[in-house]
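**Student:** My questions all concern the structure below.
Protein chains: 2
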Amino acid sequence: MPRIDLTIIQQSNGTGYPAPYAAAVSGRWVRRLAPTCGLSDFGVSHVVLKPGAASSQRHWHEDEDEFIVMLSGEAVLVEDDGRTVMRAGDMAAFPKGEPNGHHLLNESDGDCEFLAFGRPPLGDAHYSDIDLRWAGGNYVRRDGSRY
Amino acid sequence: MPRIDLTIIQQSNGTGYPAPYAAAVSGRWVRRLAPTCGLSDFGVSHVVLKPGAASSQRHWHEDEDEFIVMLSGEAVLVEDDGRTVMRAGDMAAFPKGEPNGHHLLNESDGDCEFLAFGRPPLGDAHYSDIDLRWAGGNYVRRDGSRY
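The listed protein sequences derive, respectively, from chains W and F.
Residue numbering for the first sequence follows UniProt numbering, beginning at 1 and increasing consecutively.
Residue numbering for the second sequence follows UniProt numbering, beginning at 1 and increasing consecutively.
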């Protein structure tokens, strides 16, 4: 497999988010490249965001470094500090444990495409704008109750 | 640091290759992004290859997964099976332990640019075309003698 052929890798818009938080990512189409390519040291996801879609709910991880690079189109990176337009070749890094929630929003009228790198997190994730937390392998409310 | 500003990250064309193998990578300019960005789960290098430069001597790692994505320009990916032209958006994965040496050559007349992902290898690396091996933290000949 010299050059990765994306067309043979399954694309999914699935999410584990409970309603009503799932709707924001219904236009997020993910290909998980690492299993297909035989990589296990880190994960690589190829993501297409349809117009209006978010990459995730805005979040940060206690124990997962994340890195993204834009491949095409335009997305807005939203963090605590504000909004940054991201275009092909633009990159951003999200070190674990930094409590600055982030996500990408496609506010354009065309698709955008990026790669996301990370390792499967063992610890919790925190959601900045909504009553949601990933804790102990489940999505829960901030008071710890299950959805 | 919402969008990574490459211009503030130091660029180096250093190499540990012994002569005469160092010359091939003298036009390879690397920025190590992970330390600057606070990432430790995996490494990310931004690499510019000047015309004529190679990304490395052709090699494979016993214990390091590698992944590359082209950002601009054109390079030729050389593996045991042959040559593949890589352009912006093209990706390739090199699973650890697969004895298929790989590198990128810039045979064009302009710069090319890519990102390379991996984790610091603890084990050996094997060089496909030359009398070189990375073993026990040193560059040695195939017979084990030091340079």
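Each residue gets a CB set at the ideal place from its N, CA and C atoms; glycine is no exception.
Quick check: what's the CA-CA separation for residue 156 (chain W) versus P35 (chain F)?
**Tutor:** No answer is possible for residue 156 (chain W): the residues shown for chain W start at 1 and end at 147.
**Student:** Note down, one range per segment and in chain order, each beta strand (DSSP E) of at least 3 residues found wholly within the region 24 to 105 of chain W.
**Tutor:** Taking only runs of at least 3 residues, the beta strand (DSSP E) segments lying wholly in the region 24 to 105 of chain W are 28 to 32, 43 to 49, 59 to 61, 66 to 72, 74 to 79, 82 to 87, 91 to 94 and 103 to 105.
**Student:** Among F:H59, F:A19, F:P51 and F:A54, whose alpha-carbon lies nearest the alpha-carbon of R133 (chain F)?
**Tutor:** Checking every option, the nearest Cα to that of R133 (chain F) belongs to F:H59.
**Student:** How about K96 (chain F) and D129 (chain F): do their beta carbons lie closer than 8 Å?
**Tutor:** Cβ atoms of K96 (chain F) and D129 (chain F): not closer than 8 Å.
**Student:** Using a Cβ cut-off of 8 Å (strictly closer), state whether F2 (chain W) contacts chain F.
**Tutor:** Rather than Phe, the amino acid found at residue 2 (chain W) in this sequence is Pro. P2 (chain W) counts as touching chain F.
**Student:** Identify each residue in the region 24 to 42 of chain W for which the Cβ-Cβ distance to at least one residue of chain F is less than 9 Å, and report them in chain order.
**Tutor:** So the close ones are L33, A34, T36, C37, G38, L39, S40, D41 and F42.
**Student:** Shorter than 8 Å from the beta carbon of G52 (chain W) to some beta carbon of chain F?
**Tutor:** With 8 Å as the cut-off, G52 (chain W) does not count as an interface residue toward chain F.
**Student:** In the structure shown, what three-state DSSP assignment does L115 (chain W) receive?
**Tutor:** Three-state result, L115 (chain W): strand.
**Student:** Work out the CA separation of S40 (chain F) and V140 (chain W) for me, nearest whole Å.
**Tutor:** Taking the straight line from one Cα to the other gives about 28 Å.
**Student:** Excluding the 5 residues preceding and the 5 following S45 (chain F) in the sequence, name in chain order all residues of the same chain whose CB lies nearer than 6 Å to its CB.
**Tutor:** Around S45 (chain F): V30, R32 and A116.
**Student:** Taking Cβ positions only, does T15 (chain F) come closer than 8 Å to chain W?
**Tutor:** Not one chain W Cβ lies under 8 Å of T15 (chain F).
**Student:** How long is the line joining the alpha carbons of H102 (chain W) and D109 (chain W), rounded to whole angstroms?
**Tutor:** C-alpha separation (whole angstroms): 21 Å.
**Student:** What number of angstroms, rounded off, separates the C-alpha of V69 (chain W) from the C-alpha of L104 (chain W)?
**Tutor:** Computed Cα separation, rounded: 11 Å.
**Student:** Taking 8 Å as the cut-off, decide whether the C-beta atoms of S72 (chain W) and E107 (chain W) are in contact.
**Tutor:** No, the pair does not count as a contact, with Cβ atoms beyond the cut-off.
**Student:** Over the uninterrupted beta strand (DSSP E) stretch that includes Y21 (chain W), give me the two end residues.
**Tutor:** Neither: Y21 (chain W) is in no beta strand (DSSP E) and is coded neither H nor E.
**Student:** Who pairs with R133 (chain F) in a beta bridge, going by DSSP?
**Tutor:** R133 (chain F) pairs with F:H126 and F:V140.
**Student:** When the cut-off is 8 Å and only beta carbons count, does D129 (chain W) lie next to chain F?
**Tutor:** Output row for D129 (chain W): interface = no.
**Student:** How about the region 81 to 88 of chain W and the region 8 to 18 of chain W: do they share at least three Cβ pairs that are nearer than 8 Å?
**Tutor:** In short, these stretches do not touch, since the Cβ pair count stays below three.
**Student:** Tell me which residues share the same chain as A24 (chain W) and place their Cβ nearer than 6 Å to its Cβ, disregarding the 5 neighbours each side in the sequence.
**Tutor:** Same-chain partners within the cutoff: A54.
**Student:** For T84 (chain F), which residues in chain W fall below 9 Å Cβ to Cβ?
**Tutor:** Simply P2 and R3.
**Student:** Check whether the Cβ of A75 (chain F) lies closer than 8 Å to any Cβ atom in chain W.
**Tutor:** False, the Cβ-Cβ gap to chain W never drops below 8 Å.
**Student:** I'd like to know whether the C-beta of R119 (chain W) is nearer than 8 Å to at least one C-beta of chain F.
**Tutor:** Interface residue, yes.
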